[in-house]
Amino acid sequence: MIGSVLIANRGEIARRIIRTARRMGVRTVAVYSEADAGAPHARDADEAVLIGPPPARESYLNADAILAAARQTAAEAIHPGYGFLSENAAFAEAVQAAGLVWVGPPPAAIRAMGLKDAAKRLMSEAGVPVTPGYLGEDQSPERLRREADAIGYPVLIKAVAGGGGKGMREVGRSEDFDAALTSCRREATASFGDDKVLIERLIAHPRHIEVQVFADAHGHAVHLFERDCSLQRRHQKVIEEAPAPGMDAATRNAVCGAAVRAALAVGYQGAGTVEFIADASQGLRADHVWFMEMNTRLQVEHPITEAITGLDLVEWQLRVASGEPLPLTQDRIVLNGWAMEARLYAENPATGFLPSTGPLDRFVLPDGIRIETGVEQRGAISPFYDPMIAKLVAHGPTREAAASKLADACRQVQVWPVRTNAGFLARCLSEPDFVAGRIDTSFIESHLDHLLPPAKPP
Numbered sequence: 000m001i002g003s004v005l006i007a008n009r010g011e012i013a014r015r016i017i018r019t020a021r022r023m024g025v026r027t028v029a030v031y032s033e034a035d036a037g038a039p040h041a042r043d044a045d046e047a048v049l050i051g052p053p054p055a056r057e058s059y060l061n062a063d064a065i066l067a068a069a070r071q072t073a074a075e076a077i078h079p080g081y082g083f084l085s086e087n088a089a090f091a092e093a094v095q096a097a098g099l100v101w102v103g104p105p106p107a108a109i110r111a112m113g114l115k116d117a118a119k120r121l122m123s124e125a126g127v128p129v130t131p132g133y134l135g136e137d138q139s140p141e142r143l144r145r146e147a148d149a150i151g152y153p154v155l156i157k158a159v160a161g162g163g164g165k166g167m168r169e170v171g172r173s174e175d176f177d178a179a180l181t182s183c184r185r186e187a188t189a190s191f192g193d194d195k196v197l198i199e200r201l202i203a204h205p206r207h208i209e210v211q212v213f214a215d216a217h218g219h220a221v222h223l224f225e226r227d228c229s230l231q232r233r234h235q236k237v238i239e240e241a242p243a244p245g246m247d248a249a250t251r252n253a254v255c256g257a258a259v260r261a262a263l264a265v266g267y268q269g270a271g272t273v274e275f276i277a278d279a280s281q282g283l284r285a286d287h288v289w290f291m292e293m294n295t296r297l298q299v300e301h302p303i304t305e306a307i308t309g310l311d312l313v314e315w316q317l318r319v320a321s322g323e324p325l326p327l328t329q330d331r332i333v334l335n336g337w338a339m340e341a342r343l344y345a346e347n348p349a350t351g352f353l354p355s356t357g358p359l360d361r362f363v364l365p366d367g368i369r370i371e372t373g374v375e376q377r378g379a380i381s382p383f384y385d386p387m388i389a390k391l392v393a394h395g396p397t398r399e400a401a402a403s404k405l406a407d408a409c410r411q412v413q414v415w416p417v418r419t420n421a422g423f424l425a426r427c428l429s430e431p432d433f434v435a436g437r438i439d440t441s442f443i444e445s446h447l448d449h450l451l452p453p454a455k456p457p
């Protein structure tokens with residue numbers, strides 16, 4: 000077993016990894032920027048190293064500084080968490096070249112799944128269903144427009160690199176295609192340094208279904224069931240749940256089986272998430288679910304998978320990275336109950352969800368549910384990093400019980416003077432259509448009038 004691990008991340012995910020590592024007897028090293036001096040994750044670790052100024056590119060994205068911290072503290076391994084350098088194949092290679100253990104998939108697997116067009120070709124060859132579309136090398140506007148016309152509108156233009164909803168444009172008519180393509184390429188170049196795109200058929204009532212997979216270095220791969228991440232705003236996840244509502248056994252077997260084939264096709268190791276888009280216009284059906292992409296890291300929403308399986312995914316990561324086989328075979332992984340996660344953001348829904356930063360004079364989160372947070376009362380929300388300040392996770396015997404429990408928890412959040420989306424989350428979880436499972440990725444937009452706070456809060 001790895002004896003010590005440096006966590007190349009911050010906030011709640013760094014604390015999450017430290018918690019499991021401590022339970023397993025693994026020494027932990029935190030890194031922090033000047034903005035995070037004295038932050039909870041730096042205090043939680045056995046040792047902490049300052050790696051640079053507040054901007055992420057000068058600290059948490061500074062690979063040389065992180066490797067120097069590992070050498071300084073004699074860490075044996077590096078766990079990247081999610082975000083930052085977690086899906087950076089060059090960083091993974093640098094970690095291994097330095098003689099350290101990389102707690103993640105092989106760099107070749109990261110590269111194989113890093114570009115959406117190449118990943119889709121690979122998945123198609125492995126028998127994994129992919130969304131109808133164009134993945135060709137000819138990137139001329141004329142060819143792309145012809146392919147879009149042939150697919151039939153509406154279509155989706157997507158940058159082949161990156162993620163997070165950037166470099167995506169919906170096009171409803173042929174005459175709008177050229178302008179949308181230009182805009183998409185401009186954003187893709189600015190965000191990812193690559194203007195290459197693919198064209199997909201736009202699914203009318205899409206659901207975002209993802210499958211948690213795990214693989215080891217001994218040729219074993221399993222799934223830990225699916226999650227539904229359809230509640231999104233501007234392609235950013237807001238509420239996730241596991242399992243997916245309306246998922247029958249046949250569809251689950253088909254989708255989860257495809258996810259395992261995807262992991263095996265790229266020689267995967269460790270934790271990964273295979274993401275699918277489903278046409279939910281006629282309910283979830285195996286022949287209406289298609290591969291979208293693979294996230295080669297631990298996901299923000301992994302706690303809901305832990306809740307329904309009773310497993311510790313970070314422990315599995317550390318064991319697999321240490322060369323051990325997977326702790327369980329597929330037949331011993333059992334689904335129990337329902338879990339939901341709400342992302343508590345430092346933002347103000349009343350002002351168009353603008354970020355809210357500053358001191359946390361009052362920061363009280365509810366009891367009775369799982370909380371993952373990287374901040375505390377009398378701390379502060381920094382303008383330098385992602386505005387997610389906590390994850391609230393509820394587990395219950397049924398979907399209705401989990402939703403009710405999580406909605407009640409959101410109503411109990413007390414944060415001041417920083418604004419949060421807690422009330423917005425509670426309204427989402429209590430909306431009758433959500434409670435009934437009538438969801439797709441347009442849910443928030445189509446229900447926004449009911450979900451925003453009143454003009455004058457009580």
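The end of the sequence shown is residue 457 by numbering that gives the first Met the number 0, with every number in the run present.
Yeah, the Cβ is synthetic: ideal placement off N, Cα and C, and Gly gets one too.
{"Asked": "Mind checking N420: buried by the 16 CB within 10 Å criterion, or exposed?", "Found": "buried"}
{"Asked": "Could you say if the segment 345-355 and the segment 410-419 meet the contact criterion of at least three C-beta pairs nearer than 8 angstroms?", "Found": "yes"}
{"Asked": "In whole angstroms, what separates the C-alpha of A270 from that of G164?", "Found": "22 angstroms"}
{"Asked": "What is the DSSP secondary structure of T188, counted as helix, strand or coil?", "Found": "helix"}
{"Asked": "When burial is assigned at 16 or more other CB atoms within 10 Å of the CB, is R168 buried or exposed?", "Found": "buried"}
{"Asked": "Near V48, which residues of its chain fall below 7 angstroms by C-beta distance, leaving aside the five closest residues on each side in sequence?", "Found": "V28, V30, A68, Q71, T72"}
{"Asked": "Using a 10 Å radius around the Cβ and a threshold of 16 neighbouring Cβ atoms, would you call L283 buried or exposed?", "Found": "buried"}
{"Asked": "Determine the burial state of P131: buried for a count of at least 16 other Cβ atoms within 10 Å of its Cβ, exposed for fewer.", "Found": "exposed"}
{"Asked": "Can you give, in chain order, each stretch of the beta strand (DSSP E) that sits fully within the segment 199-270 and has at least 3 residues?", "Found": "205-214, 220-232, 235-241"}
{"Asked": "Where do the N-terminal and C-terminal ends of the alpha helix (DSSP H) with Q298 fall, by residue?", "Found": "Unbroken run through Q298: none, as it is neither H nor E."}
{"Asked": "CB-CB under 6 angstroms to S32, same chain, minus the five flanking residues each way: which ones, in chain order?", "Found": "G51, P53, S58"}
{"Asked": "Looking only at C-alpha atoms, which of S321, P326, G322 sits nearest to D311?", "Found": "P326"}
{"Asked": "Give me whichever residues DSSP pairs with W289 in a beta bridge.", "Found": "I276"}
{"Asked": "Identify the continuous beta strand (DSSP E) that holds S3 and give its terminal residues.", "Found": "3-6"}
{"Asked": "Which residues share a DSSP beta bridge with H78?", "Found": "I6"}
{"Asked": "Can we say the segment 316-325 touches the segment 138-147, given the rule of at least three CB pairs closer than 8 angstroms?", "Found": "no"}
{"Asked": "So what does R168 bridge to, in DSSP terms?", "Found": "I156"}
{"Asked": "Using C-beta distances below 6 angstroms, list every residue in its chain close to A279, excluding the 5 sequence neighbours before and after it, in chain order.", "Found": "H204, R206, D439"}
{"Asked": "Can you tell me whether DSSP reads T308 as helix, strand or coil?", "Found": "helix"}
{"Asked": "Where in the segment 368-402 do unbroken runs of the beta strand (DSSP E), each at least 3 residues long, occur, reported from the N-terminal end onward?", "Found": "369-372, 387-395"}
{"Asked": "To the nearest angstrom, how far is the alpha carbon of L66 from that of D448?", "Found": "49 angstroms"}
{"Asked": "Out of K115, E371, L223, which has the shortest C-alpha to C-alpha gap to G309?", "Found": "L223"}
{"Asked": "Who are F362's beta bridge partners in DSSP?", "Found": "V414"}
{"Asked": "For A401, which residues of its own chain have a beta-carbon under 8 angstroms away from its beta-carbon, when the five flanking residues on both sides are left out?", "Found": "E240, G336, W337, A338, M339, A393, H394, G395"}
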